[in-house]
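Novice:
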Amino acid sequence: MASQMLDKKDEIETEVNAEDQKMINLFGRLNNRKHELIKEKKFIEEDLEKARDSQDDLFLADDDAKFNYSMGEAFLEIDKAESESMIEKYISQMEESIAKIDQELEKINDKHKDLKVILYGRFKNSINLEE
Amino acid sequence: MSTTTTSTGATVIDNSNPYDILFETNLKSASNIPMVPFISNVEDFLKDKEIESVFKQLQDAYSKYKYFESKLSNNITILTSRSKQLQESLDIVEHVSNKKQDSFAVQYELSEGVYSSATVNEPKSIYLWLGANVMLEYSFEEAKEVLKKNKQSVDKQLKETIQDLGYVKDQITTTDVNVSRVYNYDILQKRKQKVGQEEEDK
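Same order as they appear, the protein sequences are chains A and B.
The working numbering numbers the first residue of the first sequence as 3 and each following residue consecutively.
The working numbering numbers the first residue of the second sequence as 143 and each following residue consecutively.
#1: Starting from the C-beta of Leu-289 of chain B, find all residues in its chain whose C-beta is less than 8 Å away, skip the five residues before and the five after it, and write them out in chain order.
#2: Looking at the C-beta of Ala-4 of chain A, does it have a partner C-beta in chain B at a distance below 7 Å?
#3: Using a Cβ-Cβ cut-off of less than 9 Å, list which residues of the stretch 173–184 of chain B approach chain A; keep chain order.
#4: Apart from the five residues just before and just after Ala-4 of chain A, which ones in its own chain have a Cβ nearer than 8 Å to its Cβ?
#5: Ile-220 of chain B CB to nearest chain A CB: under 7 Å?
#6: In this structure, does DSSP put Ala-76 of chain A in helix, strand or coil?
#7: Indicate whether at least one CB of chain B lies closer than 7 Å to the CB of Met-96 of chain A.
#8: Taking the Cβ atom as the reference point for each residue, do Asp-361 of chain B and Ile-193 of chain B lie within a distance shorter than 7 Å?
#9: Which residue marks the beginning of the beta strand (DSSP E) containing Thr-315 of chain B, and which one marks its end?
#10: Looking at Asp-173 of chain B: is its Cβ nearer than 7 Å to the Cβ of Leu-307 of chain B?
#11: Any C-beta of chain B within less than 8 Å: which residues of the stretch 69–83 of chain A qualify?
#12: I'd like to know whether the C-beta of Val-256 of chain B is nearer than 7 Å to at least one C-beta of chain A.
#13: Secondary structure at Met-143 of chain B, three-state DSSP: helix, strand or coil?
#14: State buried or exposed for Arg-333 of chain B, treating a residue as buried only when at least 16 other CB atoms are found within 10 Å of its CB.
#15: Please report how far the alpha carbon of Glu-340 of chain B lies from the alpha carbon of Leu-330 of chain B, in whole angstroms.
#16: Going by the CB atoms, is the gap between Phe-29 of chain A and Leu-117 of chain A shorter than 7 Å?
#17: Exposed or buried, what is Thr-315 of chain B when buried is set at 16 or more other beta-carbons lying within 10 Å of its beta-carbon?
#18: Would you kindly report the start and end of the unbroken alpha helix (DSSP H) that includes Phe-61 of chain A?
#19: Would you say Val-248 of chain B reaches chain A, if we count a Cβ-Cβ gap shorter than 7 Å as a contact?
#20: Keeping to the same chain, check which residues put their C-beta closer than 7 Å to that of Asn-217 of chain B; ignore five residues upstream and five downstream.
#21: Using a Cβ-Cβ cut-off of 7 Å (strictly less than) and excluding sequence neighbours within five positions of Gln-95 of chain A, which residues of its own chain qualify?
#22: Please name the residue, chosen from A:Asn-33, A:Ala-101, A:Glu-86 and A:Ser-56, that lies closest to Lys-113 of chain A on a Cα-to-Cα basis.
#23: With 9 Å as the limit, tell me which residues of the stretch 25–49 of chain A have their beta carbon closer than that to any beta carbon of chain B; keep them in chain order.
#24: Given Gln-305 of chain B, which residues of its chain have a CB within under 6 Å of its CB, disregarding the five upstream and five downstream residues?
#25: DSSP has Ile-268 of chain B in a bridge; who is on the other side?
#26: Within 8 Å, do at least three Cβ pairs link the stretch 197–212 of chain B to the stretch 249–265 of chain B?
#27: Less than 7 Å between the C-beta atoms of Glu-86 of chain A and Leu-60 of chain A, yes or no?
#28: Figure out for me which residue from A:Ile-80, A:Leu-39, A:Lys-126 and A:Lys-91 has the closest Cα to the Cα of Asp-66 of chain A.
#29: Could you list which residues in chain B have their beta carbon closer than 9 Å to that of Ala-20 of chain A, in chain order?
#30: Can you have a look at Thr-145 of chain B and say buried or exposed, based on whether 16 or more other CB atoms are within 10 angstroms of its CB?
#31: State the Cα-Cα distance for the pair Asp-156 of chain B and Glu-264 of chain B, rounded to the nearest angstrom.
#32: Give me the chain A residues within the contact set of Val-319 of chain B, using Cβ-Cβ distance strictly less than 7 Å, ordered along the chain.
#33: What are the boundary residues of the alpha helix (DSSP H) that includes Leu-214 of chain B?
#34: Go to Val-119 of chain A, then tell me how far its beta strand (DSSP E) extends in each direction, as first and last residue.
#35: Secondary structure at Ser-173 of chain B, three-state DSSP: helix, strand or coil?
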C-alpha cells in the first residue's frame with residue numbers, strides 16, 4: 003500500500019473497525035497470491051513452448067528412430083510412438099495447470115472487485131488498494 | 143489434506159488446491175502463531191503511553207513477522223519442490239511397472255554429467271532411496287504406496303505452511319494499518335494543539 007499525502011478536504015475520519023481490517027488483510031493476501039500465480043504461469047508457459055517445439059521436432063523425425071526421454075535423473079530409450087504419447091501427456095498436464103491458474107486468478111479478481119466496492123465506499127480516498 | 147483410504151487400503155492423493163485456504167476471511171494460524179492485537183480505538187490505545195514507545199513496539203512486532211514470513215516462504219519453496227520430486231518418482235515407478243513383460247534401455251547418471259547405458263529385462267521390483275545411505279527393494283505396488291504416503295505427508299505440511307504464511311501476511315498488514323492509524327492520530331493531535339496555540343496567542 004503506497005502512502006501519499008492527501009488534501010485536507012479529501013481526509014475523512016472513518017475509524018477502521020475489526021471487520022474492515024479483516025477485509026484489508028484478505029485483499030493484501032490475495033494480492034500476493036495473484037502475483038505468485040502470474041509468475042508461475044509464465045514459467046509453465048515457457049516450459050510448454052519448449053515441449054511443443056520438441057513435439058514438432060519429433061513429428062519430423064524418422065519413424066524407426068529411438069529417443070532418449072528424460073525422466074528424473076535418467077533417460078529412457080523409447081521409440082517414436084511412445085515418445086509422442088508421453089510428450090502429449092506432458093503437454094496436456096501443463097495446459098491443465100495453466101487453466102487452473104487462470105481459474106484461481108479469476109476467483110481472486112472477483113473477490114478483489116467486491117472488496118474494492120466495500121472498502122472504497124467506506125474510506126474513499128483515504129485508502130489505496132493497489133494491485 | 144484429508145487422507146482417504148479405499149477399501150483395498152491404498153492411499154489416495156488429494157488433488158485439491160492447497161492455496162484455496164487463502165480465500166478465508168477469518169484465516170487462523172495452523173501452528174498457534176500469536177495474533178497482532180487490533181486497535182479498536184486509537185485514542186484509548188494511546189492513553190497513558192509514550193508515542194515513541196508505541197512506534198517502537200509496533201516496529202518490533204513488524205520485524206518479527208517479517209522474519210517469520212521469509213522463513214515460511216522458504217519452507218514453501220522447499221516443500222513444493224519435494225512434492226514435485228515425489229510425483230516424478232511416482233511417475234517413474236508407474237512407467238517401469240507398465241513394462242514388466244518388456245526389456246528396455248536406460249541411460250543412468252553414473253556421476254555428475256557422466257551417463258552409462260543399461261538394459262532392464264522384465265523388471266520385478268524397484269529400489270527406493272530412503273535417505274541415510276539406505277536403499278530398499280520394493281514391489282511396484284509397495285513402492286507406489288511408500289511414495290504416495292511420503293507425498294501425502296509433504297503435501298499436508300505444505301498446506302499448513304501456506305495457511306501460516308497467509309496468516310503472517312495478515313499480521314503484517316494489520317501492523318501496517320496500526321502504524322498509519324497511530325501516526326495519523328498523532329498528526330491530528332499536533333494540528334489541534336497548533337490551532338489551539340494560535341487562538342491563545344491572538
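Cβ atoms here follow ideal geometry from the backbone N, Cα and C, with glycine treated the same way.
This one's a predicted model, so the numbers in the text were calculated from it and none came from an experiment.
Specialist: Looking at the coordinates:
#1: Translated into the one-based positions of the second sequence, residue 289 of chain B becomes position 147. The residues are Leu-228, Ser-231, Leu-232, Val-235 and Leu-270.
#2: In the first sequence, residue 4 of chain A corresponds to position 2, counting from 1. The predicted position of Ala-4 of chain A is uncertain, since its pLDDT is 46 and thus under 50; no value can be drawn from it.
#3: Phe-180, Ile-181, Ser-182, Asn-183 and Val-184
#4: The residue given as residue 4 of chain A occupies position 2 in the first sequence. Unreliable placement is indicated for Ala-4 of chain A, whose pLDDT of 46 sits below 50; the coordinate value is still reported in the next sentence. Asn-130 and Glu-132.
#5: Numbered from its first residue, the second sequence carries residue 220 of chain B at position 78. Chain A contact via Cβ: absent.
#6: Against the first sequence, residue 76 of chain A aligns to sequence position 74. Ala-76 of chain A falls in the strand class under three-state DSSP.
#7: By one-based count along the first sequence, residue 96 of chain A stands at place 94. Answer no: the Cβ-Cβ gap between Met-96 of chain A and chain B never drops below 7 Å.
#8: Because chain B spans 143 through 344 in this model, residue 361 of chain B falls outside it and cannot be assessed.
#9: Looking up residue 315 of chain B in the second sequence gives position 173. Thr-315 of chain B -> not in any beta strand (DSSP E); alpha helix (DSSP H) instead, spanning 282–343.
#10: As a first step, residue 173 of chain B is located in the second sequence; it is residue number 31 there, counting from the start. As a first step, residue 307 of chain B is located in the second sequence; it is residue number 165 there, counting from the start. First, the residue type needs correcting, since residue 173 of chain B is Ser and not Asp in the sequence shown. The answer is no: Cβ separation not under 7 Å.
#11: Asn-70, Met-73, Gly-74, Glu-75, Ala-76, Phe-77, Leu-78, Glu-79 and Ile-80
#12: The count along the second sequence starts at 1 and reaches residue 256 of chain B at position 114. Judged by the 7 Å Cβ criterion, Val-256 of chain B is not in contact with chain A.
#13: Sequence index remark: in the second sequence, residue 143 of chain B carries index 1 (1-based). The pLDDT assigned to Met-143 of chain B is 38, lower than 50, so where the model puts this residue is not dependable, and the model offers no usable value.
#14: Here residue 333 of chain B corresponds to residue number 191 of the second sequence, with the count starting at 1. Exposed, because fewer than 16 other Cβ atoms sit within 10 Å of the Cβ of Arg-333 of chain B.
#15: Translated into the one-based positions of the second sequence, residue 340 of chain B becomes position 198. Translated into the one-based positions of the second sequence, residue 330 of chain B becomes position 188. If you take the alpha carbons of Glu-340 of chain B and Leu-330 of chain B, they lie about 15 Å apart.
#16: Numbered from 1 along the first sequence, position 115 holds the residue referred to as residue 117 of chain A. Numbered from 1 along the first sequence, position 27 holds the residue referred to as residue 29 of chain A. Yes. Within cutoff.
#17: Taking the first residue of the second sequence as position 1, residue 315 of chain B is located at position 173. Buried, since its Cβ has 16 or more Cβ neighbours within 10 Å.
#18: In the first sequence, the residue the question calls residue 61 of chain A occupies position 59. Where Phe-61 of chain A is concerned, the enclosing alpha helix (DSSP H) stretches over 20–62.
#19: To locate residue 248 of chain B, count along the second sequence from 1; it is residue 106. Cβ-Cβ to chain A under 7 Å: yes for Val-248 of chain B.
#20: Taking the first residue of the second sequence as 1, we reach residue 217 of chain B at position 75. Thr-303, listed in sequence order.
#21: Numbered from 1 along the first sequence, position 93 holds the residue referred to as residue 95 of chain A. Contacts found: none.
#22: The residue given as residue 113 of chain A occupies position 111 in the first sequence. Comparing Cα positions, the closest option is A:Asn-33.
#23: Met-25, Ile-26, Asn-27, Leu-28, Phe-29, Gly-30, Arg-31, Leu-32, Asn-34, Arg-35, Glu-38 and Leu-39
#24: Here residue 305 of chain B is taken as the residue at index 163 of the second sequence, counted from 1. Result list for Gln-305 of chain B: Ile-163 and Ala-172, in chain order.
#25: Sequence index remark: in the second sequence, residue 268 of chain B carries index 126 (1-based). Answer is B:Tyr-280.
#26: no
#27: By one-based count along the first sequence, residue 86 of chain A stands at place 84. By one-based count along the first sequence, residue 60 of chain A stands at place 58. Cβ distance < 7 Å, so Glu-86 of chain A and Leu-60 of chain A count as in contact.
#28: The residue labelled residue 66 of chain A in the question sits at position 64 within the first sequence. Comparing Cα positions, the closest option is A:Ile-80.
#29: The residue you call residue 20 of chain A lines up with position 18 of the first sequence. Result: Phe-180 and Ser-182.
#30: Within the second sequence, residue 145 of chain B is the residue found at index 3, counting from 1. Residue placement at Thr-145 of chain B cannot be trusted, given a pLDDT of 44 that sits under 50; what the coordinates show is reported in the next sentence. Thr-145 of chain B comes out exposed.
#31: Taking the first residue of the second sequence as 1, we reach residue 156 of chain B at position 14. Taking the first residue of the second sequence as 1, we reach residue 264 of chain B at position 122. Each residue's Cα considered, the two are about 32 Å apart.
#32: Sequence index remark: in the second sequence, residue 319 of chain B carries index 177 (1-based). By Cβ distance, chain A contributes Val-18, Gln-23 and Ile-26.
#33: Along the second sequence, one-based indexing puts residue 214 of chain B at 72. Residues 193–239.
#34: On the first sequence, position 117 is the one that residue 119 of chain A refers to. Note, Val-119 of chain A: premise wrong, no beta strand (DSSP E); alpha helix (DSSP H) at 82–125.
#35: As a working note, residue 173 of chain B is residue 31 in the second sequence. The answer is coil: DSSP assigns Ser-173 of chain B none of H, G, I, E or B.
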